[in-house]
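The structure appears right after this line, and notes come after that.
Residue numbers (my numbering): 12 to 177.
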């Protein structure tokens with residue numbers, strides 16, 4: 012059974028300004044620098060086309076940093092490959108993401124929506140975690156979603172800071 016959670020990052024900047032950041036390789040490098048405070052992170056690929064923005068990046072989490080329940084499943088360091096796609100810019104930008112772990116016993120996927128608000132814009136992310144392990148799957152799903160919200164909160168702060176500096 013899957014578990015779901017939503018997170019909304021609110022910005023005082025317009026959707027055009029937030030989308031411009033998402034379209035900028037320097038923004039993604041700034042985001043990786045901040046995330047490296049927690050684990051190794053690298054942008055593997057980044058492409059902006061008429062169809063939107065596509066990127067792939069990797070998070071490396073040492074096995075020793077994983078909770079005991081996750082260590083019982085993961086016998087090596089965890090490499091999470093995250094793929095994101097944002098549509099071409101329009102009134103509402105939509106997107107998808109997935110995060111995968113080689114030989115991982117589950118999945119993490121989501122949708123994103125960037126839209127205007129009275130005070131700027133909001134990037135809403137809806138995430139779904141599925142773990143296919145009897146008895147502890149639900150606990151691992153919940154742990155994944157709590158960590159996703161923490162990650163999204165950090166990424167939102169980096170985005171707001173980056174936009175303020177521009």
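Just so you know, even glycine gets a beta-carbon here, dropped at the ideal spot from N, CA and C.
Excluding the 5 residues flanking residue 51 on each side, which residues of the same chain have their C-beta closer than 6 Å to its C-beta?
Counting only Cβ-Cβ distances below 6 Å, and skipping sequence neighbours, we find 71.
Is residue 143 buried or exposed, if buried means 16 or more other CB atoms sit within 10 Å of its CB?
Residue 143 should be labelled exposed.
For residue 60, which option in 37, 48, 88, 96 has the closest C-alpha, if you only look at C-alpha atoms?
Among 37, 48, 88, 96, the Cα nearest to that of residue 60 belongs to 96.
Tell me the residue span of the alpha helix (DSSP H) that contains residue 7.
One cannot answer for residue 7 here, as it falls past the ends of the chain, which runs 12 to 177.
Counting only runs of 4+ residues fully inside the region 36-63, write out the alpha helix (DSSP H) ranges in chain order.
Listed in chain order, the complete alpha helix (DSSP H) runs (minimum 4 residues) inside the region 36-63 are 36-46.
Within the same chain, show all residues whose beta-carbon is closer than 6 Å to that of residue 160, passing over the 5 residues directly before and after it, in chain order.
In the same chain as residue 160, and ignoring 5 residues on each side of it, the C-beta atoms closer than 6 Å to its own belong to 18, in chain order.
Rounded separation between residue 28 and residue 125 - CA only
For residue 28 and residue 125, the distance between alpha carbons rounds to 11 Å.
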